[in-house]
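As numbered in the UniProt record's numbering, residues 1 to 67 make up the sequence shown, in order. All C-beta atoms in this analysis are idealised placements derived from N, C-alpha and C, irrespective of residue type, glycine included.
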Amino acid sequence: MIGKEGRVTGRIGPGLVGEVMIPVRGGVEAFYAHPVDPRDEIGVGVIIVVVEYHPPRTVYVAPALGQ
Numbered sequence: 001m002i003g004k005e006g007r008v009t010g011r012i013g014p015g016l017v018g019e020v021m022i023p024v025r026g027g028v029e030a031f032y033a034h035p036v037d038p039r040d041e042i043g044v045g046v047i048i049v050v051v052e053y054h055p056p057r058t059v060y061v062a063p064a065l066g067q
């Protein structure tokens with residue numbers, strides 16, 4: 001899961017639990033998302049990369065390079 005890219009579908013930010021869609025096993029699945037840097041805000045539509053994974057459905061993310 002770490003290193004996979006996905007797209008933000010629910011805004012991620014301080015005090016918020018966002019949502020991202022990540023390709024998994026030939027489909028796309030939703031995960032709860034938090035920013036790696038707790039001060040960051042990541043808007044809907046931004047491409048992210050997974051930095052940490054906490055099973056079963058929580059990821060910590062950062063914007064992908066170039067975003």
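Identified DSSP bridge partners for residue i
i, result
"Arg7", "Met21, Ile47"
"Gly27", "Val24"
"Ala64", "According to DSSP, which records beta bridges pairwise, Ala64 is partnered with nothing at all."
"Pro35", "Val61"
CB-CB length for residue i against residue j, believed under 8 Å
i, j, result
"residue 91", "Glu19", "Beyond the ends of the chain as shown, which are 1 and 67, falls residue 91; an answer cannot be given."
"Gly13", "Glu41", "4 Å"
Cβ shell of residue i (< 6 Å), same chain only, five flanking positions each side left out
i, result
"Ala34", "Checking the sequence, you will find His at residue 34 rather than Ala. Excluding sequence neighbours, His34 sits near Tyr60."
7 Å CB neighbourhood of residue i in its chain, flanking five on each side removed
i, result
"Ile43", "A quick correction: the sequence has Gly, not Ile, at residue 43. For Gly43, where only same-chain residues beyond five positions count, the Cβ hits under 7 Å are Val8, Arg11."
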